[in-house]
Amino acid sequence: MPDNFPANAGATDPGAPPNVTKRRPNAPLWLGFLIVVFAFLSYIPIFARYPVTRDMPWANFLFFALGLLFLFVGLRRAFTQPHLYRGKIAGSILSTLSVAALAFFCLIIFSLGKRLPPSAQAPKVGQQAPDFTLADTSGHTVSLASLLSTSDPSHPTKGVILIFYRGYW
Amino acid sequence: MAISVDSPGESQDLCRKAGYSYTFLSDPNADVIRRYDLLHKGAGVNGHDIARPAEFLLDSSGTIRWINLTGDLRVRARPDEMLQAAKSL
Numbered sequence: 002m003p004d005n006f007p008a009n010a011g012a013t014d015p016g017a018p019p020n021v022t023k024r025r026p027n028a029p030l031w032l033g034f035l036i037v038v039f040a041f042l043s044y045i046p047i048f049a050r051y052p053v054t055r056d057m058p059w060a061n062f063l064f065f066a067l068g069l070l071f072l073f074v075g076l077r078r079a080f081t082q083p084h085l086y087r088g089k090i091a092g093s094i095l096s097t098l099s100v101a102a103l104a105f106f107c108l109i110i111f112s113l114g115k116r117l118p119p120s121a122q123a124p125k126v127g128q129q130a131p132d133f134t135l136a137d138t139s140g141h142t143v144s145l146a147s148l149l150s151t152s153d154p155s156h157p158t159k160g161v162i163l164i165f166y167r168g169y170w
Numbered sequence: 493m494a495i496s497v498d499s500p501g502e503s504q505d506l507c508r509k510a511g512y513s514y515t516f517l518s519d520p521n522a523d524v525i526r527r528y529d530l531l532h533k534g535a536g537v538n539g540h541d542i543a544r545p546a547e548f549l550l551d552s553s554g555t556i557r558w559i560n561l562t563g564d565l566r567v568r569a570r571p572d573e574m575l576q577a578a579k580s581l
């Protein structure tokens with residue numbers, strides 16, 4: 002019956018380890034998880050500073066590896082020395098989250114960014130770029146032809162770079 | 493110059509924040525982006541059609557001399573690549 006059920010069944014359970022409250026916190030688990038979070042979030046800040054890491058984010062993968070190593074150490078002592086260390090449940094959750102973060106990171110890096118239209122009909126090298134007229138940031142209309150021509154004969158326009166970008170919508 | 497579906501005001505904010513001094517043009521209905529076959533359907537916020545990243549170098553006659561159609565959103569032309577291409581003009 003619920004009324005007879007002891008509220009502190011766990012504490013009075015004679016089978017429970019006697020020193021259950023003295024178990025040490027399992028720092029590597031939390032440190033490892035923090036490193037994994039950093040590895041996930043730091044891709045853009047790292048490549049903004051070190052452009053060589055943009056195409057292959059090896060710095061982030063090193064941080065992921067370091068974080069997962071700490072998690073492995075923490076998880077191993079939580080399960081092999083449960084009388085000494087906490088973290089069986091927290092460690093399992095943090096490790097699962099970390100592996101999922103690594104998988105999602107790989108998906109972003111190696112798959113999502115490559116889902117682009119083929120643009121097979123885009124103008125080719127040697128062709129004339131189709132002219133157009135659009136509004137600039139002050140709302141004035143600007144044509145490609147006007148950018149290619151110049152009114153200053155001492156500084157003739159050498160060329161124009163067209164950059165199409167996704168924008169911030 | 494740079495082209496996107498952003499409004500002139502949004503581009504102005506971007507130029508002010510980032511310090512860009514070259515021309516930014518607005519193609520809100522993606523007409524020019526479509527004409528260049530650079531439309532990325534539904535890739536923007538709320539499924540808006542936007543431009544896929546692409547860079548073209550034109551000489552003074554308007555002839556295309558160099559193109560970078562990236563196969564990966566993360567990988568765009570670097571400034572030194574563009575300068576190298578521009579040196580050939």
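These protein sequence lines map, in sequence, to chains R and V. The numbers in this note's numbering rise by one with no breaks, and the one at position 130 of the first sequence is 131. The numbers in this note's numbering rise by one with no breaks, and the one at position 30 of the second sequence is 522. Heads up, the beta-carbon is just placed ideally off N, CA and C, and yes, glycines get one too.
Host alpha helix (DSSP H) of residue i (start-end)
i             : result
residue 501/V : 500 to 510
residue 527/V : 523 to 527
residue 517/V : Unbroken run through residue 517/V is the beta strand (DSSP E), 516 to 518; no alpha helix (DSSP H).
residue 147/R : 145 to 149
residue 174/R : This structure cannot settle anything about residue 174/R, because the visible part of chain R is limited to 2 through 170.
Three-state secondary structure (DSSP) of residue i
i             : result
residue 572/V : helix
residue 555/V : strand
residue 25/R  : strand
residue 543/V : strand
residue 549/V : strand
residue 54/R  : helix
residue 32/R  : helix
Where residue i falls, given that 16 or more other Cβ within 10 Å makes a residue buried
i             : result
residue 141/R : exposed
residue 116/R : exposed
residue 498/V : buried
residue 2/R   : Model confidence at residue 2/R stands at a pLDDT of 47, short of 50, so the residue's coordinates are unreliable; what they give is reported in the following sentence. Classification for residue 2/R: exposed.
residue 47/R  : buried
residue 537/V : exposed
residue 111/R : exposed
residue 50/R  : exposed
residue 25/R  : exposed
residue 512/V : exposed
residue 86/R  : buried
residue 521/V : exposed
residue 501/V : exposed
residue 163/R : buried
Extent of the continuous beta strand (DSSP E) run through residue i
i             : result
residue 171/R : Beyond the ends of chain R as shown, which are 2 and 170, falls residue 171/R; an answer cannot be given.
residue 135/R : 134 to 136
residue 496/V : 494 to 496
The ligand NAP heavy atom lying under 7 Å from the CB of residue i
i             : result
residue 544/V : As for the ligand NAP, it is missing from this structure, which has no ligand bound.
Chain-order list of residues whose beta-carbon lies under 6 Å from that of residue i (same chain, five-residue window excluded)
i             : result
residue 160/R : none
residue 29/R  : 71, 74, 75
residue 559/V : 548
Own chain partners of residue i with C-beta closer than 8 Å, once the 5 adjacent residues on each side are dropped
i             : result
residue 540/V : 497, 534
residue 150/R : 158
residue 146/R : 132
Cβ neighbours of residue i in the same chain (closer than 7 Å, five flanking residues each side left out)
i            : result
residue 40/R : 61, 64, 65, 68
For this session: Let me know the alpha helix (DSSP H) ranges lying completely inside the segment 63 to 126 of chain R, each 4 residues or longer, listed in chain order.
Result: 89 to 111
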